Amino acid sequence: MPTHAPATGDLLVILRHAPHGSSWLREGLDAALVAAAFGQAVTLLFQGDGVLSLVEGQGPGPLGQKGTAATLDMLAMYDIESLFYDQVALAGFGFAPQQLQLPATGVEAGAIAPLIAGHRLVLTF
Amino acid sequence: MASSEIDRYLSVGDARVALDPEGYLIDLSQWTPAVAEALAVEDGRQLTAEHWEVIEVIRDFYARYGASPAMRPLVKAVGQALGPEKGRSLHLMKLFPDSPAKVAARLAGLPKPANCL
Amino acid sequence: MILHILNRPPSSSLVYRDALAAMGEDDRLLLIEDGVLGALTAQIRHFQTIEGRLFALREDLGARGLEGQCDASVQVVDVDGFVTLSEEADKTVSWF
C-alpha cells in the first residue's frame with residue numbers, strides 16, 4: 863500500500879498506548895474486532911506509544927499476563943488489513959519499519975488528518 | 237469469554253467436566269474428543285467427519301491467536317484450511333445450526349467467542 | 004470540521020502533540036477537564052499553531068479558579084457552547 867493511499871472506511875481506531883502497561887490497547891483492539899465482526903471496514907492507526915504494539919518479538923508479562931501480539935496476528939482473519947503507524951513515533955523509539963510484526967504503512971504527521979477525515983467514526987484508545 | 241461459575245457437571249467416562257451456565261467448559265484443559273461427543277449428544281447431534289474437521293480448525297485458531305473466532309473469521313479460517321467450498325456460512329450453519337461460531341467453540345472446548353452476538 | 008477534545012494539560016502529558024498533529028486546517032480543539040490548564044497565558048505557547056481554533060470549557064476553568072488566567076486568544080465556551088461546537092462538527096475525536 864503506497865503511503866499516499868487515501869484510506870477510507872467506517873471506523874478508524876487510534877491506538878496510543880503501549881502493550882502491557884494498561885488495558886487501553888486491548889480495549890481498542892477489541893472495539894476494532896467487534897466492528898469488523900459486524901462487517902464494518904476498520905482502519906487502525908498506531909500513534910505515539912501505540913507504535914510499540916507493532917514491534918515483533920513480544921511475549922507475556924512478568925506474571926504471565928497475555929499480551930496483544932497474538933491479537934494483532936488475528937486482525938487479518940477479521941479482514942482488518944488497513945494498518946498505519948506514526949513513523950516519527952516509531953523512529954523516536956529507535957525502531958525501523960522492518961522490525962514490525964505486521965505489514966503496516968508509515969505515515970507522517972500531515973497524513974493523519976486526512977485519515978481521520980476519511981472515516982465515518984473515530985475512536986481513540 | 238469462559239465464565240468461572242460452575243453451573244453443572246457433564247459425565248464423560250470417569251471424568252466429571254464442569255460447565256458454565258451456557259455449557260462452555262470451565263477448565264479448557266479437560267477437553268477431549270469424548271467431551272465434544274457428549275456435548276453434541278446433549279444437543280441431539282452426532283458428530284460427523286465434517287464436524288470434526290471444523291472443530292480442528294477452530295481449535296487451531298484458538299491455539300494460534302488465543303481467542304475464539306467470531307463468525308466471519310471462522311468462515312475465513314475454515315476456507316483457508318478446508319477449501320472455499322467449506323468456507324461458507326451456509327456450510328457451517330448446516331453443521332452447527334443457530335450460531336456456528338458459538339456452537340463450534342463450545343464443542344471444541346473453547347471459550348465463548350467475545351465478539352459476536 | 005472535526006472537533007478534537009483534549010482533557011490533559013500540556014504541562015504533564017504529551018498527548019496534545021498527537022492531537023495537534025492529527026488536526027486538519029479547519030479543525031477545532033476544545034480543552035476540557037485538566038486540559039484547560041493549557042489555556043492559561045503561561046501555557047498557551049503549546050497551542051500557537053492553532054490560534055483562533057482553540058476553545059476551553061468555562062465550567063472547568065471556573066471550577067479551578069483559572070478563568071482570570073485564561074489567555075485572550077482562547078474562546079471560552081460553556082456546556083451549551085460545547086454542544087453547539089459538537090453539532091457544527093462532522094465528528095468529534097477525543098484525546099486523553
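Residue numbers (our numbering), protein chains in the order written: chain C, 863 to 987; chain F, 237 to 353; chain U, 4 to 99. Where a beta carbon is used, it is the ideal one built from N, C-alpha and C, also for glycine. Predicted model only: the values in this text are computed from it and were never measured.
Separation of G302 of chain F and E278 of chain F (C-alpha to C-alpha, rounded to the nearest whole angstrom) is 27 Å. Neighbourhood of Q909 of chain C in chain U, by CB distance below 7 Å: D21, in chain order. Pairing L907 of chain C with L937 of chain C gives a Cβ-Cβ distance that is not under 8 Å. By the CB criterion at 8 Å, K348 of chain F and Y260 of chain F fall inside the cutoff. For K312 of chain F, the enclosing alpha helix (DSSP H) covers residues M307 to L318. A25, M26, G27, E28 and D30: these are the residues of the segment 25-38 of chain U whose beta carbon lies less than 9 Å from some beta carbon of chain C, given in chain order.
Among the residues of the segment 302-316 of chain F, those with a Cβ less than 8 Å away from any Cβ of chain C are G302, A303, P305, A306, M307, R308, P309, K312 and A313, in the order of the chain. If you draw a 10 Å sphere on the C-beta of I242 of chain F, you find fewer than 16 other C-beta atoms in it, and that means exposed. The criterion of a C-beta distance shorter than 8 Å is not satisfied by V314 of chain F and V339 of chain F. Ranked by Cα distance from Q920 of chain C, the options C:Q961, C:A971 and C:L895 are led by C:Q961. Scanning chain C for C-beta atoms nearer than 7 Å to the C-beta of S97 of chain U yields T986, reported in chain order.
Across the structure, A869 of chain C and F946 of chain C are spaced so that their CA atoms are roughly 9 Å apart.
Contact between H7 of chain U and M26 of chain U holds: their C-beta atoms lie close to 6 Å from each other, under 8 Å. Taking a beta-carbon distance threshold of 8 Å, T870 of chain C does not count as an interface residue toward chain F. Taking C-beta atoms as the reference points, C73 of chain U and A59 of chain U count as a pair closer than 8 Å. Of all residues in the segment 961-982 of chain C, only A971, I974, A975, I978 and A979 come within less than 7 Å of chain U when Cβ atoms are compared, listed by chain position. Under the DSSP assignment, G84 of chain U falls in the alpha helix (DSSP H) whose first and last residues are V82 to E91. If you draw a straight line from the Cα of T930 of chain C to the Cα of W98 of chain U, it comes to about 22 Å. The alpha carbon of R56 of chain U has as its nearest neighbour, out of U:D30, U:I47, U:G65 and U:A42, the alpha carbon of U:D30.
The beta-carbon distance between L331 of chain F and E258 of chain F, rounded to whole angstroms, is 19 Å. This is too long to meet the 8 Å contact definition.
Interface with chain F (8 Å Cβ-Cβ cutoff): Y940 of chain C is included. Among the residues facing chain U, R888 of chain C is not included, as its CB has no counterpart in that chain under 8 Å away.
Per DSSP, R61 of chain U lies in no beta strand (DSSP E) segment; the continuous alpha helix (DSSP H) that holds it begins and ends at R61 to A66.
Neighbourhood of T933 of chain C in chain F, by CB distance below 8 Å: Y301, G302 and A303, in chain order.
With fewer than 16 other beta carbons inside 10 angstroms of its own, T284 of chain F counts as exposed.
The beta-carbon distance between L69 of chain U and L33 of chain U, rounded to whole angstroms, is 16 Å. This is too long to meet the 8 Å contact definition. Assignment of S304 of chain F by DSSP, reduced to helix, strand and coil, places it in the coil class. Of the candidates C:Q963, C:T986 and C:G972, the residue whose Cα lies closest to the Cα of L914 of chain C is C:Q963. Residue burial annotation: F297 of chain F is buried, with at least 16 other C-beta atoms found within 10 angstroms of its C-beta.
At a cut-off of 8 Å between beta carbons, I5 of chain U contacts chain C. Contact annotation: D81 of chain U and R61 of chain U have beta-carbon atoms nearer than 8 Å. Boundaries of the alpha helix (DSSP H) harbouring I974 of chain C: I974 to A979, taken from the DSSP string.
For the options F:D250, F:V271, F:I262 and F:E289, the alpha carbon positioned closest to that of A317 of chain F is the one of F:E289.
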